[in-house]
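This report refers to the structure that appears directly beneath it.
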Amino acid sequence: MSTAEQQAELHDIRDAVASLCARFPGEYWRALDRDCAYPTAFVDELTQSGFLASLIPQEYGGSGLGLRQASAILREIHLQGCNAGACHAQMYTMGTLLKHGSQDQKQRWLPGIASGDIRLQAFGVTEPTSGSDTMALRTTAVRDGDEYVLNGQKIWTSRAEHSDYMIVLARTTPADQIRKKGEGLSVFMLDMRECPGLTIRPIRTMMNHATTEVFFDNVRVPAENLIGVADQGFRHILDGMNAERILIASECLGDAEWFIRKASDYATERKVFGRPIGQNQGVQFPIARAYAQLKAAQLVVERAAVMFDRGQKCGEEANIGKLLASEASWAAAEACVQTFGGFAFAEEYDVERKFRETRLYQVAPISSNLILTYLAEHVLGMPRSY
Ligand SMILES: Cc1cc2nc3c(=O)[nH]c(=O)nc-3n(C[C@H](O)[C@H](O)[C@H](O)COP(=O)(O)OP(=O)(O)OC[C@H]3O[C@@H](n4cnc5c(N)ncnc54)[C@H](O)[C@@H]3O)c2cc1C
Numbered sequence: 131m132s133t134a135e136q137q138a139e140l141h142d143i144r145d146a147v148a149s150l151c152a153r154f155p156g157e158y159w160r161a162l163d164r165d166c167a168y169p170t171a172f173v174d175e176l177t178q179s180g181f182l183a184s185l186i187p188q189e190y191g192g193s194g195l196g197l198r199q200a201s202a203i204l205r206e207i208h209l210q211g212c213n214a215g216a217c218h219a220q221m222y223t224m225g226t227l228l229k230h231g232s233q234d235q236k237q238r239w240l241p242g243i244a245s246g247d248i249r250l251q252a253f254g255v256t257e258p259t260s261g262s263d264t265m266a267l268r269t270t271a272v273r274d275g276d277e278y279v280l281n282g283q284k285i286w287t288s289r290a291e292h293s294d295y296m297i298v299l300a301r302t303t304p305a306d307q308i309r310k311k312g313e314g315l316s317v318f319m320l321d322m323r324e325c326p327g328l329t330i331r332p333i334r335t336m337m338n339h340a341t342t343e344v345f346f347d348n349v350r351v352p353a354e355n356l357i358g359v360a361d362q363g364f365r366h367i368l369d370g371m372n373a374e375r376i377l378i379a380s381e382c383l384g385d386a387e388w389f390i391r392k393a394s395d396y397a398t399e400r401k402v403f404g405r406p407i408g409q410n411q412g413v414q415f416p417i418a419r420a421y422a423q424l425k426a427a428q429l430v431v432e433r434a435a436v437m438f439d440r441g442q443k444c445g446e447e448a449n450i451g452k453l454l455a456s457e458a459s460w461a462a463a464e465a466c467v468q469t470f471g472g473f474a475f476a477e478e479y480d481v482e483r484k485f486r487e488t489r490l491y492q493v494a495p496i497s498s499n500l501i502l503t504y505l506a507e508h509v510l511g512m513p514r515s516y
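Under the working numbering, think of the first position of the sequence shown as 131, with each following residue one higher.
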């Protein structure tokens, strides 16, 4: 495909996403936000439209698109004032299965994930005591005949109540018995639909995110649901991190653009002291600066996506893209709030809702400090700091 054809394809995708999003205006999100309710209608439409199956190869019923196109989908959702946080995992969590699953496992699950019959929205890695230190997680999976028995707890397992399966990372070899650093954890596809011993408790958060804590009390998972190689689960999960970072960064780009458009329009219309507030440099400079941050972040994120699609190593670009994009969206959010003045705090403008939503990205799915530690150690060659 020529560059012009690729651009036209991205344009068409964004147009189609924009018209879907137009059916889910601010009122829709505000009502859900008030009740901490899940955007089922929105997620259903995105699923039926095939957007959430964009990264699944055509042989399994997906559209076989690349990360550039998937990024364009998520970015547009956020640019339109919607939030993909309710369903973005359906797009990329299957990456671990696609890359490390056996042929049988892929045939068994991927077509259902592509059609939406199987919801794979939940990803259980983080635990209360281990936090960013994934290798310190304590949930165990002990082999018992044809099954593994899970015991332990996860936290911040988003969308667990709206998912059929969860990708779970658990310890299969005790930490003091592993041969090599980074080993001893394994990945499982856990069917949560009929799952004795599994308890899911919602956590109320500052934004509407359907996140939960999950408890495993002798939960049995068939050994055939082990994905990839036992004890190599940490590496399998790490393999999917670049895609996740690029996709989340794309959501940040969409948020940043939403805030900048909203702020510049308001600054142009709102008159105080007999002239538009946007005529004051004190109002326009923060918006213009956030725009510059957005454009810089966009260049890195797009480059990371292109490199990913070409199969090139893109850890540096994916991490920098996520860092810069999450900072750009926050700078834009700040500028937008300041521009709206008191009206930023009124629900009806959606600014306060998006402001709460976009703050997450400097913490999850990975915090900015942990990105900096990656760059310091793996790109700049400095000593590991932790
Ligand atoms: C709304 C929400 C949804 C989430 N969804 C999921 C999900 O679906 N699945 C999942 O598995 N997880 C999920 N997470 C968890 C998320 O990935 C973690 O919150 C994030 O990785 C940070 O871990 P932590 O909260 O334990 O912070 P901690 O690891 O306790 O860190 C706290 C602070 O200390 C800093 N810090 C820690 N160690 C260092 C160090 N060595 N050097 C410098 N700074 C350091 C961190 O940067 C951070 O700012 C979600 C979190 C939230 C809030």
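Glycine included, each C-beta is placed from N, C-alpha and C at the ideal position.
Which residues in the same chain have their Cβ closer than 7 angstroms to the Cβ of residue i, if we skip the five residues on either side of it in sequence?
i: S316; result: A271, A300, T302, L356, A360, D361, G363
i: A434; result: I376, C444, E447, A448, G451
i: Y491; result: I378, C382, S456, S459
i: Q414; result: A397, G408
i: E482; result: A474, F475
i: R249; result: Q220, H292, S293, D294
i: V430; result: E447, I450, G451, L454
i: L209; result: G384, E387, W388
Residues in its own chain within less than 6 angstroms of residue i by CB, not counting five upstream and five downstream?
i: M512; result: A506
i: W286; result: T256, T341
i: T488; result: D385, S459, A463
i: E354; result: none
i: Y252; result: One point to set straight first is that residue 252 is Ala, not Tyr, in the sequence displayed. Here the set comprises T287, R289, A290, S293, M296.
i: P416; result: A465
i: G231; result: I357
i: G194; result: P187, Q188
i: I243; result: M224, L250
i: Y421; result: I390
i: F172; result: F154
Any idea which residues DSSP pairs residue i with across the strands?
i: Y295; result: L250, D321
i: R405; result: V402
i: E277; result: D274, P352
i: R301; result: T270, L315
i: R284; result: Before going further, note that residue 284 is Lys rather than Arg in the sequence given. Bridge partners of K284: V344.
Going by DSSP, what residue range makes up the beta strand (DSSP E) through residue i?
i: T270; result: 270–274
Alpha helix (DSSP H) containing residue i: first to last residue?
i: E189; result: Premise fails: E189 is in no alpha helix (DSSP H) and is neither H nor E.
i: T264; result: No alpha helix (DSSP H) contains T264, which DSSP labels as neither H nor E.
i: Y421; result: 411–439
i: Y504; result: 498–504
i: K229; result: 225–230
i: D234; result: 233–245
i: F470; result: 445–470
i: I207; result: 197–209
i: E482; result: 481–489
i: Q220; result: 218–222
Regarding residue i and ligand 3, is the C-beta to nearest heavy atom distance less than 6 angstroms?
i: P258; result: For ligand 3, the structure offers nothing, since it holds only ligand 1.
Less than 8 angstroms between C-beta atoms, sequence neighbours within five positions excluded: which residues of the same chain meet that for residue i?
i: T503; result: R514, S515, Y516
i: I333; result: I285, W286, T341, T342, E343
i: T335; result: T341
i: D369; result: G225, T226, K229, H230
Segments assigned beta strand (DSSP E), at least 3 residues, entirely inside the segment 312–384: Counting only unbroken stretches of 3 or more residues, the beta strand (DSSP E) elements lying wholly within the segment 312–384 are 315–321, 328–332, 342–352, in sequence order.
Quick one: which unbroken alpha helix (DSSP H) runs of 4-plus residues sit fully inside the segment 138–177? Chain order, please. The DSSP assignment places 156–165 as complete runs of the alpha helix (DSSP H) inside the segment 138–177, in order along the chain (cut-off: 4 residues).
Please write down, chain order preserved, every residue whose beta carbon lies under 5 angstroms from a heavy atom of ligand 1. Result (chain order): F253, V255, T256, G261, S262, W286, S288, H339, T341, A494, P495, S497, N499, Y516.
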